[in-house]
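Remember, my numbering sits 10 above the position in the sequence shown when you count from 1.
Cβ coordinates follow ideal geometry from the N, Cα and C atoms, glycine included.
What follows is a set of notes on a single structure, which appears directly below.
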Amino acid sequence: MLNIPKFPINNSLWVEGKFLWGKKLAKEIRNLLKEKVATLQQKPGLAVLLVGDDTASEVYVKSKEKAALECGFHSIVRRLPENASEKDVLNRIYAWNDDPNIHGILVQLPLPKHLPEQKILQSILPEKDVDGFHFVNMGKLFAGEEGIIPCTPLGIAVMLSLLPEDWTGKKAVVLGRSNIVGKPMAQILISAFNMTVTTCHSKTIHLEEEISRSDLVVSAMGKREVVLPEMLKDNSTIIDVGIHRVEGKLCGDLDYKAMEDKVHYITPVPGGVGPMTIAMLLYNTFVNAGGKL
């Protein structure tokens with residue numbers, strides 16, 4: 011069975027009524043990691059590769075770098091031009107693979123279209139793949155073995171594990187089947203929480219029925235308002251992984267305020283799942299450097 015890390019954090023610091031504020035939980039986790047990093051003989055080293063000048067990617071990379079430095083990590087960001095060759099990218103990764111001061115390597119996605127994404131991701135040593143995208147780590151996850159878990163599903167699992175709920179035997183539906191969120195999330199709910207899980211996607215028939223029977227709904231389809239309040243089972247828990255910009259404002263797949271009266275718990279957007287992704291990236295790197303909670 012998979013073991014989800016147990017952070018000694020009081021729920022009163024991040025749960026407000028029905029709202030699960032991942033932003034506040036992530037801050038507490040980063041503070042804890044900062045304390046632990048100060049006791050390590052070697053700083054955890056995180057290396058991030060950014061190819062091209064995608065604006066959103068640049069924002070994400072800066073957020074990761076800032077969080078890493080605040081926690082006392084050794085942080086490297088290497089930027090390569092849009093037209094960087096496959097060889098240039100691979101050589102940079104190989105150098106970090108061989109560097110004992112680097113414990114985690116991350117390639118910011120998406121890559122320019124001329125670069126082979128999977129070949130590049132698989133060139134990272136599995137033990138330094140802090141995103142959890144290497145086939146070795148994915149295989150361990152699906153075999154129920156200990157390995158590096160993708161950051162967004164791991165962040166959600168940490169949130170669920172801290173709640174005073176017994177998830178055993180309950181029904182979950184995961185909306186989305188990506189390798190980054192949907193597939194690993196479903197496997198975590200099966201292996202770590204003993205839930206009965208259905209995975210749905212854009213081709214699913216009778217989606218509303220699946221949602222209406224579920225105690226837990228994880229929405230990671232990247233589409234607005236796939237889930238409406240009237241579809242939900244009373245007192246269900248809703249995790250919104252989506253992120254969209256509508257009329258200049260960030261929002262999720264769901265309208266969380268419209269669902270408040272129907273749910274037991276729900277993650278807002280912004281401030282819900284997103285910040286937990288970076289916190290788990292730091293946690294994975296911290297563990298690779300020999301850190302323990």
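Check: Close Cβ partners of Phe-296 (< 6 Å) along its chain, the five nearest in sequence each way excluded; Outcome: Leu-43 and Pro-54
Check: Lys-16 versus Gly-300, Met-290 and Asn-298, residue with shortest Cα-Cα distance; Outcome: Met-290
Check: Supposed contact pair Val-58 and Val-71 - C-beta distance, whole angstroms, cut 8 Å; Outcome: 6 Å
Check: Cα-Cα separation, Leu-185 to Lys-129; Outcome: 27 Å
Check: Whole beta strand (DSSP E) elements within the stretch 122-201, 3-residue minimum; Outcome: 181-185
Check: Burial state of Thr-247 (16 or more Cβ within 10 Å); Outcome: buried
Check: Pair within 9 Å by beta-carbon distance, Gly-7 and Trp-31; Outcome: The question about residue 7 has no answer, for the chain in this structure spans 11 to 303.
Check: Pair within 9 Å by beta-carbon distance, Leu-164 and Gly-142; Outcome: yes
Check: Residue(s) in a DSSP beta bridge with Phe-296; Outcome: None, per the DSSP bridge assignment.
Check: Buried/exposed call for Thr-277, threshold 16 Cβ in 10 Å; Outcome: buried
Check: Option in Glu-96, Val-117, Lys-213 and Leu-226 with minimal Cα separation from Leu-199; Outcome: Leu-226
Check: Environment of Arg-223 [buried if 16+ CB atoms lie within 10 Å]; Outcome: exposed
Check: Residue closest to Ala-94, alpha-carbon to alpha-carbon, out of Ile-115, Lys-74 and Pro-126; Outcome: Pro-126
Check: Limits of the alpha helix (DSSP H) - the one that Val-247 falls within; Outcome: A small fix is needed here, since residue 247 is Thr in this sequence, not Val. Where Thr-247 is concerned, there is no enclosing alpha helix (DSSP H), although the beta strand (DSSP E) it sits in stretches over 246-250.
Check: Collapsed DSSP secondary structure at Arg-255 in the structure displayed; Outcome: strand
Check: Pairwise C-alpha distance: Ile-215 and Gly-192; Outcome: 18 Å
Check: Beta-ladder partner(s) of Val-84, from DSSP; Outcome: According to the sequence as given, residue 84 is His; it is not Val. In the DSSP output, where bridge partners are listed per residue, His-84 has Gly-55.
Check: Euclidean distance between Cα positions of Val-99 and Asn-20; Outcome: 42 Å
Check: Residue span of the beta strand (DSSP E) that contains Ser-229, given as start and end; Outcome: 226-229
Check: Nearest to Lys-233 (by Cα), restricted to the options Ile-221, Asp-244 and Ile-253; Outcome: Ile-253
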